[in-house]
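Chains as they are written, first to last, in numbering that gives the first Met the number 0: chain A, 0 to 348; chain B, 0 to 348.
Following: one structure in structure tokens, then a few remarks.
2 protein chains.
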Amino acid sequence: MRKNIRIKDIALKAGVSIGTVDRVLHKRGEVSTKTKTRIQQIIDELDYRPNLLASSLASKKSIVFATLMPRSSSLDTYWSKPQNGVEKAMGQLRAYGVKLQQYFFDMDDSRSFSSQGEKLLLDAPDAVLLAPWAKREALRLTKQLDEREIPYIYIDANLEETNPIGFVAQSPFDSGFLAAKLIDWGVKERSLILLIHVAKELDNASHLIKRERGFMRYFEEMKSHHRIVKLEVSGKEDEINSHLNKLGIDPCDVSGVFVTNSKVHLAAACFKALCITPKIIGYDLIPQNIALLKDGKIDFLICQKPELQGYRAIHLLFDSLVKKEIIKRENYTSIDLITKENIDFYNSI
Amino acid sequence: MRKNIRIKDIALKAGVSIGTVDRVLHKRGEVSTKTKTRIQQIIDELDYRPNLLASSLASKKSIVFATLMPRSSSLDTYWSKPQNGVEKAMGQLRAYGVKLQQYFFDMDDSRSFSSQGEKLLLDAPDAVLLAPWAKREALRLTKQLDEREIPYIYIDANLEETNPIGFVAQSPFDSGFLAAKLIDWGVKERSLILLIHVAKELDNASHLIKRERGFMRYFEEMKSHHRIVKLEVSGKEDEINSHLNKLGIDPCDVSGVFVTNSKVHLAAACFKALCITPKIIGYDLIPQNIALLKDGKIDFLICQKPELQGYRAIHLLFDSLVKKEIIKRENYTSIDLITKENIDFYNSI
DNA sequence: AAATTTTCCGTGTTCGTACACGAATTGAAA
DNA sequence: TTTCAATTCGTGTACGAACACGGAAAATTT
Numbered sequence: 000m001r002k003n004i005r006i007k008d009i010a011l012k013a014g015v016s017i018g019t020v021d022r023v024l025h026k027r028g029e030v031s032t033k034t035k036t037r038i039q040q041i042i043d044e045l046d047y048r049p050n051l052l053a054s055s056l057a058s059k060k061s062i063v064f065a066t067l068m069p070r071s072s073s074l075d076t077y078w079s080k081p082q083n084g085v086e087k088a089m090g091q092l093r094a095y096g097v098k099l100q101q102y103f104f105d106m107d108d109s110r111s112f113s114s115q116g117e118k119l120l121l122d123a124p125d126a127v128l129l130a131p132w133a134k135r136e137a138l139r140l141t142k143q144l145d146e147r148e149i150p151y152i153y154i155d156a157n158l159e160e161t162n163p164i165g166f167v168a169q170s171p172f173d174s175g176f177l178a179a180k181l182i183d184w185g186v187k188e189r190s191l192i193l194l195i196h197v198a199k200e201l202d203n204a205s206h207l208i209k210r211e212r213g214f215m216r217y218f219e220e221m222k223s224h225h226r227i228v229k230l231e232v233s234g235k236e237d238e239i240n241s242h243l244n245k246l247g248i249d250p251c252d253v254s255g256v257f258v259t260n261s262k263v264h265l266a267a268a269c270f271k272a273l274c275i276t277p278k279i280i281g282y283d284l285i286p287q288n289i290a291l292l293k294d295g296k297i298d299f300l301i302c303q304k305p306e307l308q309g310y311r312a313i314h315l316l317f318d319s320l321v322k323k324e325i326i327k328r329e330n331y332t333s334i335d336l337i338t339k340e341n342i343d344f345y346n347s348i
Numbered sequence: 000m001r002k003n004i005r006i007k008d009i010a011l012k013a014g015v016s017i018g019t020v021d022r023v024l025h026k027r028g029e030v031s032t033k034t035k036t037r038i039q040q041i042i043d044e045l046d047y048r049p050n051l052l053a054s055s056l057a058s059k060k061s062i063v064f065a066t067l068m069p070r071s072s073s074l075d076t077y078w079s080k081p082q083n084g085v086e087k088a089m090g091q092l093r094a095y096g097v098k099l100q101q102y103f104f105d106m107d108d109s110r111s112f113s114s115q116g117e118k119l120l121l122d123a124p125d126a127v128l129l130a131p132w133a134k135r136e137a138l139r140l141t142k143q144l145d146e147r148e149i150p151y152i153y154i155d156a157n158l159e160e161t162n163p164i165g166f167v168a169q170s171p172f173d174s175g176f177l178a179a180k181l182i183d184w185g186v187k188e189r190s191l192i193l194l195i196h197v198a199k200e201l202d203n204a205s206h207l208i209k210r211e212r213g214f215m216r217y218f219e220e221m222k223s224h225h226r227i228v229k230l231e232v233s234g235k236e237d238e239i240n241s242h243l244n245k246l247g248i249d250p251c252d253v254s255g256v257f258v259t260n261s262k263v264h265l266a267a268a269c270f271k272a273l274c275i276t277p278k279i280i281g282y283d284l285i286p287q288n289i290a291l292l293k294d295g296k297i298d299f300l301i302c303q304k305p306e307l308q309g310y311r312a313i314h315l316l317f318d319s320l321v322k323k324e325i326i327k328r329e330n331y332t333s334i335d336l337i338t339k340e341n342i343d344f345y346n347s348i
């Protein structure tokens, strides 16, 4: 059993009081350069690590994290998941004096992102976790955060032009690539494959585009001879059918379907209604998808681990701000394949 | 910001000293029944939760966990993984005064399991994490642990007839079932599929049998028309080839291969040498398998999350012993599908 | 040389809990 | 009544780090 090094031990070894060591550790108050370097040397030598327990017990000041995420309405159960992860992490960190301040915006209203962002800024948190939804508004907010030197971290996606201390997300390109491999593995040669985007504004959802790129790239690399047809729908009833009709495609000829987001249940329901069972792949373990997966109408769901994203992002903020560790900028979550057979064992965190 | 309830607050409200409250909380020392019930009532009413930080800071006595796992030799890199998970968990819990005592046994020598078990018992740890490898010896050890009232938890597998406080493992049946689904998804109808056990003593590896059962069950349920051939080999060079020869099977006719453990690289190497590429599925992210996966010679690896098993088991012990929480007995890890395309994003914990 | 400022650093208290110690009270046996 | 043990309860201090306070020494000004 190796004993932990305490401030006291350092003080003893340096022949000074613990107060002086404390000043060196926290760059607070005046210490002569001579003693400072001597103490610093001993700190390095002994590889001193502060006892987080004692530290947070003693310090009365608490650190505040803020989150800015989409409000999880009953319509969208996805965003309740990162929320759960955040709460789980906070449950562990509350004891260390970390507080949480949450702000929610309306996904259909980019102004609400801004207004909630304003509120957040007024409360001056020590760090921010945010889902960069509306790009323009997010850019404005992060600029303000940069000015105030408030560190921030993303979940769900990265925003290239900004300076977060990190992001936690799945690689959209590679998830699309994997989806293609699975489709390819499951269909015969020279099949008809659909790629479906279900989104209101495709240009505001750059990760859908990246997933598409990954998907297409696979077939390019494999020089496969499938016929791939791209559909863009907004999510209304029977839209897929009418689109196929317009293109002169008989749904019965479709062997594989890839939906680039969680709306895959729309496509699955459509084919279910027609009593056709192409191979269908989509994203996210939301209830509608899970039901269709268990029913055998969806073959694979790619899980983004949203709970884990929230959980890990909070922990990264903690590691960075409290533990003063250097954290990785890129934190990719795994690309998990969920099927009827393994979903019951799936641990979201 | 709601303030946390402290012992002091309870003492104040009850009109006693904190010492008395402490005695009620820990059932230590004598307190008159009258004050005891009054204090207990206030504790319940205020929903007091002890501050784990302060608690473990103040208490000097440390709790000792012991582990008994296979020694991870250079030949077997698998068992270094749970080991890593254990170490990671301990890194977090050391601050709470938890100590670790490790014992390793030789996988080829069941007597070493017993002898290390003896040593473990002598050191009288507060709780034990063990991999129930040699069944008979494990039964003996757990009986002794039961007598001494030392709680224990399993990783890797469960041992039905014993009384662990829990186990962390993958469901072997369901992983086999999933493997079958994948094979079925990837091969044509009426294909020839191999099921290969690579093991020295199959009867000591009951989970391989369970994986086989899951695999076979899928095809029974699907009423599929594949021809499934079972092979049992011990792991020597060219054994698979000669077995196929004996059975009069041309390797070129094989469309799918399922190996029930991490020795899948032997099968993959065999077919690679023959320049045939059936669909191959096996278990575990050990280096040989990873290399063949990336090379495209193995299609899927089922990951048991060995790191997570070690990590979670330690945390479960902590939750049970220190936090006094009631933990789940059955802790199944997810059945993760790893392919060439997603392995680089795979987080083992 | 005296007065003042600046630099430097030790002491003491605090956080919430655990526990040793000692003191007071009670009850029963001798 | 004395003796002794058992019961009941408060105090003090330890744990490791944070930080306020203020004293001593050195540097600077008057």
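No residue lacks a Cβ here, since even glycine has one placed at the ideal position from N, Cα and C.
None of these values were measured; they are calculated from a predicted model.
Spanning the alpha carbons of K98 (chain B) and K322 (chain A) requires a straight line of approximately 22 Å. Between the segment 189-200 of chain A and the segment 251-261 of chain A there are three or more inter-stretch CB-CB distances shorter than 8 Å, so the stretches are counted as touching. Assignment of M106 (chain A) by DSSP, reduced to helix, strand and coil, places it in the coil class. The shortest CA-to-CA distance from T332 (chain A) to any of B:D343, B:I313 and B:T332 is the one to B:D343.
The C-beta separation of D125 (chain B) from F64 (chain B) comes to about 7 Å, placing the pair in contact by the 8 Å criterion. Nearest to R93 (chain B) by C-alpha distance, out of B:G247, B:R70 and B:H314, is B:H314. Proximity to P250 (chain B) across B:I334, B:S114 and B:P277 peaks at B:P277, based on C-alpha coordinates. Only those residues of the segment 162-177 of chain A whose C-beta falls short of 7 Å from the nearest C-beta of chain B are listed: S170, D173, F176 and L177. The way I'd put it, the segment 81-88 of chain A doesn't touch the segment 109-120 of chain A; fewer than three beta-carbon pairs between them come closer than 8 Å.
In the three-state reduction of the DSSP assignment, Q308 (chain A) falls in the helix class. Under a 10 Å Cβ-count criterion, I325 (chain A) is classified as exposed, with fewer than 16 other Cβ atoms of the shown protein chains found around its own Cβ.
Using a Cβ-Cβ distance cut-off of 8 Å, the segment 66-78 of chain A and the segment 276-295 of chain A are in contact, since at least three pairs of beta carbons, one from each stretch, lie closer than that value. At a beta-carbon threshold of 9 Å, none of the residues of chain B lie near D249 (chain A); the nearest stands roughly 23 Å away. For I4 (chain A) against Y47 (chain A), the beta-carbon gap comes to about 5 Å, under 8 Å, which counts as contact. A94 (chain A) has a beta carbon lying within less than 9 Å of a beta carbon in chain B. Spatial neighbours of Y345 (chain A) in its own chain (CB-CB distance under 8 Å, excluding positions within 5 residues in sequence) are listed in chain order as L284, C302, D335 and I337. Closer than 9 Å to the CB of E340 (chain B) there is at least one CB belonging to chain A.
Contact residues of the segment 249-264 of chain A toward chain B are absent (C-beta to C-beta distance below 7 Å). Below the 7 Å Cβ cutoff, chain B contributes no neighbours of L284 (chain A), its closest Cβ being approximately 12 Å away. Around F166 (chain B), the same chain offers Y153 and N157 as residues with beta carbons nearer than 6 Å, after the five sequence neighbours per side are excluded. Contact annotation: Q100 (chain B) and L120 (chain B) have beta-carbon atoms that are not nearer than 9 Å. Between R139 (chain A) and S113 (chain A), the CB-CB gap stays under 9 Å. By the beta-carbon neighbour count (other beta carbons within 10 angstroms, threshold 16), M89 (chain B) is buried.
Burial check for H224 (chain B): the Cβ neighbour count within 10 Å stays below 16, so the residue is exposed. Listed in chain order, the non-local C-beta contacts of I275 (chain A) below 8 Å within the same chain comprise P250, C251 and V253, local neighbours out to five positions each way being set aside. Between L230 (chain B) and H196 (chain B), the C-beta gap is smaller than 9 Å, which places the two residues in contact. Taken in chain order, the complete beta strand (DSSP E) segments of 3 residues or longer contained in the segment 237-285 of chain A are 253-258 and 278-282. G185 (chain A) reaches chain B at W184 and G185, counting residues in chain order whose Cβ is nearer than 9 Å. By the 16-neighbour rule on beta-carbons within 10 angstroms, T66 (chain B) is buried.
In terms of Cβ geometry, L52 (chain B) and L129 (chain A) do not form a close pair [threshold 9 Å].
Among the residues facing chain B, F270 (chain A) is not included, as its CB has no counterpart in that chain under 9 Å away. The segment 90-136 of chain A contains, as complete alpha helix (DSSP H) runs of 4+ residues, the segments 109-122 (chain order). Taking C-beta atoms as the reference points, S170 (chain A) and K199 (chain A) fail to come closer than 9 Å. The three-state reading of DSSP puts N330 (chain A) in strand, counting E and B together. Residues of the segment 314-338 of chain A with a Cβ closer than 8 Å to any Cβ of chain B, in chain order: Y331, T332, S333, I334, D335, L336 and T338.
Residue range T32 to L45 is occupied by the alpha helix (DSSP H) that includes T32 (chain A).
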